[in-house]
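Peer 1: Here's a structure for you.
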Amino acid sequence: MSVPASSERFLAKARDLPVDEVMLDLEDSVAPDAKPGARELAVAALKAGDLVGKHDGKQGGKLVAVRINGATTPWAYQDVIAVVEGAPGAVDSLVLPKVSEPAAVVWLDVLLTQVEQAAGLPAGTVRIEAQIEDAAGLAAVEAIAVSSPRLVSLVFGPADFMASIGMRSLTVGGQPEGYPYDAHHYALMRMLVAAKAAGLQAIDGPYAKIGDLDGLRAAATSVAALGYDGKWVLHPGQVGVVNEVFTPSRVDYARAVRILDAYERATAVDGRGAVMLDDEMIDEASRKMALVIAAKGAAAGFS
489 MSVPASSERF LAKARDLPVD EVMLDLEDSV APDAKPGARE LAVAALKAGD
539 LVGKHDGKQG GKLVAVRING ATTPWAYQDV IAVVEGAPGA VDSLVLPKVS
589 EPAAVVWLDV LLTQVEQAAG LPAGTVRIEA QIEDAAGLAA VEAIAVSSPR
639 LVSLVFGPAD FMASIGMRSL TVGGQPEGYP YDAHHYALMR MLVAAKAAGL
689 QAIDGPYAKI GDLDGLRAAA TSVAALGYDG KWVLHPGQVG VVNEVFTPSR
739 VDYARAVRIL DAYERATAVD GRGAVMLDDE MIDEASRKMA LVIAAKGAAA
789 GFS
């Protein structure tokens, strides 16, 4: 969930949301004159330690990210220094927006190495999430995906991307009128392939029409079906829909477990690499597909 770092009220609400990551935003949701103050609020929230909890077995179980300003802006380096040195160890990742070339990620990687050293943190503590938000970024996405070992995800930025290619729509994450297909399919699929080839997560951007839950559901269902790992939300009212869409059904989870059990029995006991399960032939490829569904079901608490 994206939370404007300039809003103390929104920061306080983030604590109890059932999301995997809370991102404090210093970029687009913060007006230029408000950026220094937002930076101070973000650092204070991070230092408090109980904003959204931490992962790796610590309280809350949520990841904490901060979206800094773009690498070419006058605020970016101050954002990095402030949040990493000001609240050492509190930030899991920095989201770098408007990544149009690998050099932007390399710049952040080098700066983070220096700031981590100054803050007494092990090198590589803070990870990077790169936002692909324009035509140039999409054209270079394969190179961006392998530009730093700190990278953990590629994130689609629909608003800026739609503007950069002249897409005729005024709804962030929505579809343009007059085009009968999914206008985002090419960009999303190219990003997905680049991310998975590099061992990264692929995250879809937000759907800004907050009250249109049917539109949100349609957008989330489409990217979840492709293989995306998650989707940003902008409002607490969107969280339930996205969590539901990205959680496999119990029927699919049960089927995945049966495939894994049947394949294990076939290979370990019967010495066969393929076996019939109901009316379907399953083999090693089936096992790989089932592992994906089983892992997501386990993460959702299925057993």
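When you read off a place in the sequence shown, starting at 1, and then add 488, the result is the number in the working numbering.
We treat Cβ as the ideally placed atom computed from N, Cα and C, and that holds for glycine.
#1: Just list the alpha helix (DSSP H) runs in the segment 669-744, keeping only unbroken ones of 4 residues or longer that don't cross its boundaries, in chain order.
#2: Let me know if S791 comes out buried or exposed under the rule of 16 or more other beta-carbons within 10 Å of its beta-carbon.
#3: Around the Cβ of H672, are there at least 16 other Cβ atoms within 10 angstroms (buried) or fewer (exposed)?
#4: Which residue wins for smallest C-alpha separation from D504, given the options Y751, V727 and A623?
#5: Should A712 and V745 be called a contact, given that it needs their Cβ atoms to be closer than 8 Å?
#6: According to DSSP, is Q760 part of a helix, a strand, or is it coil?
#7: Within 10 angstroms of the Cβ of L596, are there 16 or more other Cβ atoms? Answer buried if so, exposed if not.
#8: Using three-state DSSP, classify S494 as helix, strand or coil.
#9: How many whole angstroms separate the CB atoms of D508 and G725, which I take to be in contact at a CB cut-off of 8 Å?
#10: Helix, strand or coil: how does DSSP classify I770 here?
#11: Quick one: any contact between the segment 546-561 and the segment 606-613, if contact means 3 or more CB pairs under 8 Å?
#12: Tell me, to the nearest whole angstrom, how far the beta carbon of A624 is from that of S588; I am working on the premise that it is less than 8 Å.
#13: From what residue to what residue does the beta strand (DSSP E) around F644 run?
#14: I need the DSSP call for L512, collapsed to helix, strand or coil.
#15: As a quick exercise: from A786, R753 and W720, pick the residue whose alpha carbon is nearest that of R738.
#16: Going by the CB atoms, is the gap between L529 and A575 shorter than 8 Å?
#17: Which class does Q602 belong to by DSSP, given the choice of helix, strand or coil?
#18: Opposite L582 in the DSSP bridges: which residues?
#19: Alpha carbon to alpha carbon, how far is G654 from G662?
#20: Since Y565 is in the alpha helix (DSSP H), which residue starts that stretch and which ends it?
#21: Quick one: Cα of V730 to Cα of L704, how far?
#22: If you measure from the CB of G789, is any heavy atom of the ligand COA nearer than 7 Å?
#23: At the 8 Å Cβ level, is V518 part of the contact set with chain B, yes or no?
#24: Quick one: what's got a C-beta closer than 7 Å to P506's C-beta in the same chain, skipping five residues either side?
#25: Using a Cβ-Cβ cutoff of less than 7 Å, which residues in the same chain neighbour Y741 once the five nearest sequence positions on both sides are dropped?
#26: Is A570 near R527, with beta carbons less than 8 Å apart?
#27: What is the rounded straight-line gap between the Cα of N557 and the Cα of L779?
#28: For a test of the three-state rule: what should DSSP assign to L626, helix, strand or coil?
#29: Run through DSSP, which three-state label would L765 get?
#30: Kindly indicate which three-state DSSP category L450 falls into: helix, strand or coil?
Peer 2: The structure says:
#1: If you keep only unbroken alpha helix (DSSP H) runs of at least 4 residues inside the segment 669-744, you get 673-685, 701-714 and 724-734.
#2: Under this definition S791 is an exposed residue.
#3: H672 should be labelled buried.
#4: The shortest C-alpha to C-alpha distance from D504 to any of Y751, V727 and A623 is the one to V727.
#5: Cβ atoms of A712 and V745: not closer than 8 Å.
#6: In the sequence on display, residue 760 carries Arg and not Gln. Here R760 sits in coil by DSSP.
#7: Residue burial annotation: L596 is buried, with at least 16 other C-beta atoms found within 10 angstroms of its C-beta.
#8: Of the three classes helix, strand and coil, the one that applies to S494 here is coil, per DSSP.
#9: Rounded, the Cβ-Cβ distance is 17 Å, inconsistent with contact.
#10: Of the three classes helix, strand and coil, the one that applies to I770 here is strand, per DSSP.
#11: Verdict: no, contact absent.
#12: Between A624 and S588 the beta-carbon gap is near 4 Å, inside 8 Å, which marks them as a contact.
#13: For F644, the enclosing beta strand (DSSP E) starts and ends at L639 to F644.
#14: Strand.
#15: The shortest C-alpha separation from R738 is found at A786.
#16: Cβ distance not < 8 Å, so A575 and L529 don't count as in contact.
#17: When DSSP states are grouped into helix, strand and coil, Q602 belongs to the helix group.
#18: Paired residues: V554 and I616.
#19: Rounded to the nearest whole angstrom, the C-alpha separation of G654 and G662 is 14 Å.
#20: Going by DSSP, Y565 is part of the alpha helix (DSSP H) stretching over A564 to G574.
#21: Taking the straight line from one Cα to the other gives about 8 Å.
#22: Of ligands this structure carries none, so the ligand COA is not represented either.
#23: Protein chains in the displayed structure number just one, and chain B is not present.
#24: So the qualifying residues of the chain are V727 and N731.
#25: Within the same chain, Cβ atoms closer than 7 Å to the Cβ of Y741 are found at I781, A782, G785 and F790, the five residues on either side in sequence being excluded.
#26: The Cβ atoms of A570 and R527 lie closer than 8 Å to each other.
#27: For N557 and L779, the distance between alpha carbons rounds to 37 Å.
#28: Taken through DSSP and simplified to helix, strand or coil, L626 comes out as helix.
#29: In the three-state reduction of the DSSP assignment, L765 falls in the strand class.
#30: Not covered by the structure: residue 450. The range shown for the chain is 489 to 791.
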